[in-house]
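Novice: Got a structure here, written out as structure tokens. Questions coming.
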Amino acid sequence: MLDRAITQFSHVKPEDTQFVSGGLRDFFLYRDLGIAEATHGKVIAHLVKANMAPETGTGWHRHEADFQIIIMTKGWAKFMYEDKETLVQAGDVVHQRPGIRHFLFDYSPDMEYLEIVSPADFKSIDVDPVCAVPAPTPWV
């Protein structure tokens with residue numbers, strides 16, 4: 001059973017936190033949902049949204065994390081997961097297994113997703129390219 005002393009109740013409303021830059025990627029904005037604080041770093045949950053048109057994407061990388069899930073809430077994004085191109089659209093849910101090599105290379109101007117990762121201080125590690133990556137769709 002979960003030790004209730006380890007985690008805290010959290011209720012974050014839209015007006016409680018703002019989308020800010022300074023996250024993992026400069027071309028995205030991040031909105032903290034208070035989960036890292038409530039779980040004392042066991043889990044992070046944040047909303048991520050497009051801030052600039054895709055030019056180079058995230059590059060090939062993997063995460064040192066035990067768990068990662070993405071729930072696309074608006075728009076779409078295209079990822080390479082290993083050597084498989086994957087379109088993730090609003091309503092889709094992706095569980096990224098630990099260590100999977102991936103590259104987010106294209107996304108719509110209205111793209112927004114919920115990302116939940118454990119632990120909160122997960123690392124992103126650059127990796128050698130797995131395969132060629134398609135060019136992004138220009139924003140008009």
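Note that UniProt numbering has the sequence shown beginning at 1, numbered continuously upward.
Note that the Cβ used here is the ideal one computed from N, Cα and C, for glycine as well.
1) Which same chain residues, not among the five before or five after residue 67, have their C-beta less than 6 Å away from its C-beta?
2) Residue 56: which of 112, 47, 40 and 28 sits nearest, CA to CA?
3) Measuring alpha carbon to alpha carbon, tell me which residue in 14, 13, 32 and 15 is nearest residue 21.
4) Closest to residue 37 by CA distance: which of 138, 132 and 6 is it?
5) Between which two residues does the alpha helix (DSSP H) containing residue 36 stretch?
Specialist: So, from the listed chains and residues:
1) Correct list, in chain order: 118.
2) Comparing alpha carbon positions, the residue from 112, 47, 40 and 28 closest to residue 56 is 28.
3) Closest option to residue 21, Cα to Cα, is 32.
4) It is 6 whose Cα lies nearest to the Cα of residue 37.
5) In the DSSP assignment, residue 36 falls within the alpha helix (DSSP H) that extends over 35-38.
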